[in-house]
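**Q** Everything in the sequence shown is counted per my numbering, starting at 5 for the first residue and increasing by one.
The structure follows.
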Amino acid sequence: MKEFDSEQIGQILDNYIGGICVFYYDVDTCKYNFLYVNDGFFRMLSVTKPAGMMLLTNAMKTVIPDDMPLIQQWIKDVISDNGSVEVEFRYVTLDGQLSWIAIRGNLYERKGSINTIVCAITDITEKKSIEEEFMTQYEFMNKLMDIGINFDYNVRNDVCEIRTGKSWMESGNMLVDRFSERYQNSGIHPDDLEMFKNAVKIAMKRPMQDSFECRVASPFSKKKQEYRWYKCNIMSVLGVEGYVTHVLGLISDIHEQKLQEIELKLRADKDSLTGLLNKGVTEELITKNLLFLEENEKKGALILLDVDDFKNVNDTLGHATGDEALSLIGKVLLRNFKGMDVVGRIGGDEFMIFMGDIKETHDAVSMAEKVQKEILKECTNEELKKVFSVSIGIVLCPDNGWDFQELYKLADEALYESKKLGKARFSIYQKQ
C-alpha cells in the first residue's frame, strides 16, 4: 500500500466535502482552540474560510440553549476515552437560519488538563428535515379514527400513496406517480373534480386544513362508475425550510349519511302533493338560469299556470277532488318539462314554469297548448272535467329583460289577460 506524507493527507482531507477538525480542550478552563480545520468543512457550510473560522471561534454561542447539555455530555464522554462518540445538535448559521450538525469524535492525546480531540463534522439538516416530516405525518395519521381510504401526496416527488387496507403496512397500497397529471383519472366524479383539484393545489402552496365532500367511483365495486359519497379532510405538512412537502388526507365513507341528507333535502324542496319544487327553490333556480341565459345570450320563457275558479272546485266537489286536480297538473308538467326547465308549485293552485334555452316564441306557445290539452285529456273524473280548466300567462326573455321579479310581474299580467278573455287559454305578454 502506498504511503502518503502529511502534505498529501492534508490535500485529501481538504478535498473531502465534510468537516475534519482537531482542537484542544482544557478541562480546567473549559476553553477550546482549533488546531486544524479542513477546507471541506467550509465548502459543506457554503461559507468562506474567515467566516467559517469566526463561526468555530464562537461555536458555543451559536448552539441552541436546549442542546448545550448534549454537547457538554459529549465532551465528557470523549475525554473519558470512551472510543468514538457522536452527538447531534442545532445551531444558528451566520445568516440566521436553524441547522443541524452531527459530530463524531474521539480523544487523540491528553497532556495534563489539555485534551486533543479529533472529530468529523457532518451537516444533517436535510436528514433532520425528512425525519421531522415523517414524524409530523406519523403523528397526524395516528390521530385519524374510523379510517376509510387515506392518501399521502409527496409534493416534491409528485407521488401519491393511497392506502386501501386497514394499515399503512398492509400490501395493496397504491403508488400513483405524476399524480398532478393523473388524478383526473382517479375515479372522482367529473362534477367534483375541479373542487378536489383546487383544494390540493391550495394545500400545496400554503399551510392549511380543509374538508369537502365529493363522489368517487368505488375501487372495490364490480359495477362501472358506481359512485359513493366521501368526506375528504386534507392537511398541509411543512418541512423545516417552511415549504409544503406533503399533503395528507383522510377519506371517510359518508355515502349512507349523504343519501339521507339528499333525500331529506329533496323532501323539503318539493311539494308533497304534486312532486314539484316548492316556491323558494323554484324562484332560486329560475334566478340562476336567468343569469346563465343572459351570460350565454340565449332565450327563455317564464310561464304562470293557474286553475280557473279553483275555489269553486273545492266548494262544490270537495277538497279531495281539488287535490286530485292539482296532482294531475303536477304529473303533466313533470312529464313535459325536462333539462334546464324549472317546474314548481308556488301557491295553492298556481304553478310556475321556466323554459330555458328556447329557440323561438313558438316553443313556449306550443308547450302551453300541449299542457292545456293533456290536462283535460287525462282527467278521468267526469264531475271534475265539467268545471276543470287552466289559464296560462307567458313572458319572454330577453325581450322583457332578465330580472326575475319583473318577469314574474309581467307573466302575472299575461295570466290576468287570459282570465279576462274568458279563461281556459294562454296569453303572451306584449309591451304596451
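We put the CB at the ideal spot given by N, CA and C, even for glycine.
Going along the chain, which residues of its own chain have a beta-carbon closer than 7 Å to the beta-carbon of Asn-237, five neighbours each way excluded?
**A** In the sequence shown, the residue the question calls residue 237 occupies position 233. Closer than 7 Å at the Cβ level, and outside the excluded window around Asn-237, lie Ser-215, Gly-253 and Leu-254.
**Q** Please classify Tyr-433: does DSSP put it in a helix, a strand, or coil?
**A** Indexing the sequence shown from 1 puts residue 433 at position 429. Under the three-state reduction of DSSP, Tyr-433 is assigned to coil, being neither helix nor strand.
**Q** Decide yes or no for the touch test of the region 116-125 against the region 30-46: beta carbon pairs closer than 8 Å, at least 3 of them.
**A** The region 116-125, when compared against the region 30-46, does touch it at the 8 Å Cβ threshold.
**Q** Between Gly-348, Gly-279, Tyr-234 and Met-48, which has its C-alpha nearest Lys-262's C-alpha?
**A** To locate residue 262, count along the sequence shown from 1; it is residue 258. The shortest C-alpha separation from Lys-262 is found at Tyr-234.
**Q** In whole angstroms, what is the alpha-carbon distance linking Arg-349 and Gln-376?
**A** For the purposes of this step, residue 349 is taken as the residue at position 345 of the sequence shown. For the purposes of this step, residue 376 is taken as the residue at position 372 of the sequence shown. Taking the straight line from one Cα to the other gives about 16 Å.
**Q** Taking the alpha-carbon positions, what's the Asp-313 to Glu-288 distance?
**A** Here residue 313 refers to the residue found at position 309 of the sequence shown. Here residue 288 refers to the residue found at position 284 of the sequence shown. The alpha-carbon atoms of Asp-313 and Glu-288 are separated by roughly 29 Å.
**Q** Leaving out the 5 sequence neighbours to the left and right, which residues in its chain are closer than 8 Å to Met-57 when beta-carbon positions are compared?
**A** By 1-based counting over the sequence shown, the position of residue 57 is 53. The residues are Phe-38 and Val-41.
**Q** Would the beta-carbon of Lys-423 fall within 7 Å of that of Ser-395?
**A** Counting from one through the sequence shown, the residue named residue 423 turns up at place 419. Counting from one through the sequence shown, the residue named residue 395 turns up at place 391. Against a cut-off of 7 Å, the Cβ pair of Ser-395 and Lys-423 comes out as a contact.
**Q** Use the C-beta contact count for Asn-385: other C-beta atoms within 10 angstroms, 16 or more gives buried, fewer gives exposed.
**A** What you label residue 385 is simply residue 381 of the sequence shown in a count that begins at 1. Burial call: exposed.
**Q** DSSP state of Asn-385, grouped into three classes?
**A** As a first step, residue 385 must be located in the sequence shown, where it is residue number 381. If DSSP states are grouped into helix, strand and coil, Asn-385 belongs with coil.
**Q** Whose CA, out of Met-359, Gly-279, Asp-195 and Ile-128, lies closest to the CA of Leu-297?
**A** The count along the sequence shown starts at 1 and reaches residue 297 at position 293. Of Met-359, Gly-279, Asp-195 and Ile-128, the residue nearest in Cα terms is Met-359.
**Q** Pick out whichever of His-193, Ile-107 and Leu-306 has its Cα sitting closest to the Cα of Gln-77.
**A** Counted from its first residue, the sequence shown places residue 77 at position 73. When C-alpha distances from Gln-77 are compared across His-193, Ile-107 and Leu-306, the shortest belongs to Ile-107.
**Q** Could you check the C-alpha separation between Glu-378 and Ala-428 for me, to the nearest Å?
**A** One-based indexing of the sequence shown puts residue 378 at position 374. One-based indexing of the sequence shown puts residue 428 at position 424. When rounded, the distance between both Cα atoms is 13 Å.
**Q** In this structure, how does DSSP classify Ile-258 when only helix, strand and coil are distinguished?
**A** For this step, residue 258 is matched to residue 254 along the sequence shown. Coil, per DSSP.
**Q** Please report the distance separating the alpha-carbon of Ile-192 from that of Met-199.
**A** On the sequence shown, position 188 is the one that residue 192 refers to. On the sequence shown, position 195 is the one that residue 199 refers to. Straight-line Cα distance between these residues: approximately 10 Å.
**Q** Beta carbon of Ser-84, beta carbon of Val-31: below 7 Å?
**A** Here residue 84 refers to the residue found at position 80 of the sequence shown. Here residue 31 refers to the residue found at position 27 of the sequence shown. No. Outside cutoff.
**Q** Note down the Cα distance separating Glu-267 from Lys-389, rounded to an integer number of angstroms.
**A** Locating residue 267 in the sequence shown gives position 263, counting from the first residue. Locating residue 389 in the sequence shown gives position 385, counting from the first residue. Going from the Cα of Glu-267 to the Cα of Lys-389 covers about 35 Å.
**Q** Compare the C-alpha of Gly-284 against each of Gly-22, Phe-27, Phe-155 and Phe-408 and name the closest.
**A** As a working note, residue 284 is residue 280 in the sequence shown. Of the listed residues, the one whose Cα sits closest to Gly-284 is Phe-408.
**Q** Could you check where the alpha helix (DSSP H) with Ile-357 kicks off and where it finishes?
**A** For the purposes of this step, residue 357 is taken as residue 353 along the sequence shown, with counting starting at 1. Premise fails: Ile-357 lies in the beta strand (DSSP E), 354-362, not in any alpha helix (DSSP H).
**Q** For Ser-431, count neighbouring Cβ atoms within 10 angstroms of its own Cβ and tell me buried if that reaches 16, exposed if not.
**A** Position 427 of the sequence shown, counted from the first residue, corresponds to residue 431. So Ser-431 counts as buried.
**Q** With a 10 Å radius around its C-beta and 16 neighbouring C-beta atoms as the bar for buried, classify Ile-112 as buried or exposed.
**A** Here the question's residue 112 lines up with position 108 in the sequence shown. Per the sequence shown, residue 112 should be read as Tyr rather than Ile. Burial call: exposed.
**Q** Hey, how far is the Cα of Trp-406 from the Cα of Pro-211?
**A** Here the question's residue 406 lines up with position 402 in the sequence shown. Here the question's residue 211 lines up with position 207 in the sequence shown. Taking the straight line joining both Cα atoms gives about 43 Å.
**Q** Please report how far the alpha carbon of Cys-25 lies from the alpha carbon of Val-251, in whole angstroms.
**A** For the purposes of this step, residue 25 is identified with residue 21 of the sequence shown, where counting begins at 1. For the purposes of this step, residue 251 is identified with residue 247 of the sequence shown, where counting begins at 1. Their Cα atoms are separated by approximately 41 Å.
**Q** Cβ atoms of Ser-240 and Val-248: under 7 Å apart, would you say?
**A** Locating residue 248 in the sequence shown gives position 244, where the first residue counts as 1. Locating residue 240 in the sequence shown gives position 236, where the first residue counts as 1. Yes, the Cβ-Cβ distance between Val-248 and Ser-240 is below 7 Å.
**Q** Kindly list the residues whose CB is nearer than 7 Å to the CB of Phe-27, restricted to its own chain and excluding five residues on each side of it in sequence; keep chain order.
**A** Start at 1 with the first residue of the sequence shown, and residue 27 comes out as number 23. Excluding residues within five positions, the ones whose Cβ falls inside 7 Å are Tyr-36, Asn-37, Phe-38, Leu-39 and Ile-121.
**Q** Whole angstroms are fine: how far does the CA of Phe-46 sit from the CA of Lys-80?
**A** Position 76 of the sequence shown, counted from the start, is the residue given in the question as residue 80. Position 42 of the sequence shown, counted from the start, is the residue given in the question as residue 46. Cα to Cα, the separation comes out at about 27 Å.
**Q** For the candidate residues Leu-294, Asp-319, Glu-382 and Lys-374, whose alpha-carbon lies nearest to that of Leu-400?
**A** The sequence position of residue 400 within the sequence shown is 396, counting from 1. Of the candidates Leu-294, Asp-319, Glu-382 and Lys-374, the one whose C-alpha sits nearest the C-alpha of Leu-400 is Leu-294.
**Q** Please say whether Leu-98 and Ala-55 have beta carbons closer to each other than 7 Å?
**A** Within the sequence shown, the letter at position 51 stands for residue 55. Within the sequence shown, the letter at position 94 stands for residue 98. Contact flag set, yes.
**Q** Over what stretch of residues does the alpha helix (DSSP H) that includes Lys-342 continue unbroken?
**A** Start at 1 with the first residue of the sequence shown, and residue 342 comes out as number 338. No alpha helix (DSSP H) contains Lys-342, which DSSP labels as neither H nor E.
**Q** Going by the DSSP bridge assignment, what does Ile-79 pair with across the sheet?
**A** For the purposes of this step, residue 79 is taken as residue 75 along the sequence shown, with counting starting at 1. Partner residues in a beta bridge of Ile-79, as assigned by DSSP, do not exist.
**Q** In or out: Glu-230 buried (at least 16 other Cβ within 10 Å) or exposed?
**A** Start at 1 with the first residue of the sequence shown, and residue 230 comes out as number 226. So Glu-230 ends up on the exposed side.
**Q** Give me whichever residues DSSP pairs with Trp-233 in a beta bridge.
**A** Within the sequence shown, the letter at position 229 stands for residue 233. Looking at the DSSP assignment, Trp-233 forms a beta bridge with Arg-219.
**Q** Classify Ile-333: buried if its beta carbon has 16 or more other beta carbons within 10 angstroms, exposed otherwise.
**A** Stepping through the sequence shown from its first residue, residue 333 is reached at position 329. Buried is the call here.
**Q** State the Cα-Cα distance for the pair Arg-219 and Gly-343, rounded to the nearest angstrom.
**A** Here residue 219 is taken as the residue at index 215 of the sequence shown, counted from 1. Here residue 343 is taken as the residue at index 339 of the sequence shown, counted from 1. Their backbone Cα atoms lie some 22 Å apart in a straight line.
**Q** Please check if any C-beta of chain B sits within less than 7 Å of the C-beta of Asn-110.
**A** The structure shown contains no chain B; it holds only a single protein chain.
**Q** Quick one: give me the first and last residue of the beta strand (DSSP E) that Gly-23 is part of.
**A** Translated into the one-based positions of the sequence shown, residue 23 becomes position 19. Start and end: 23-30.
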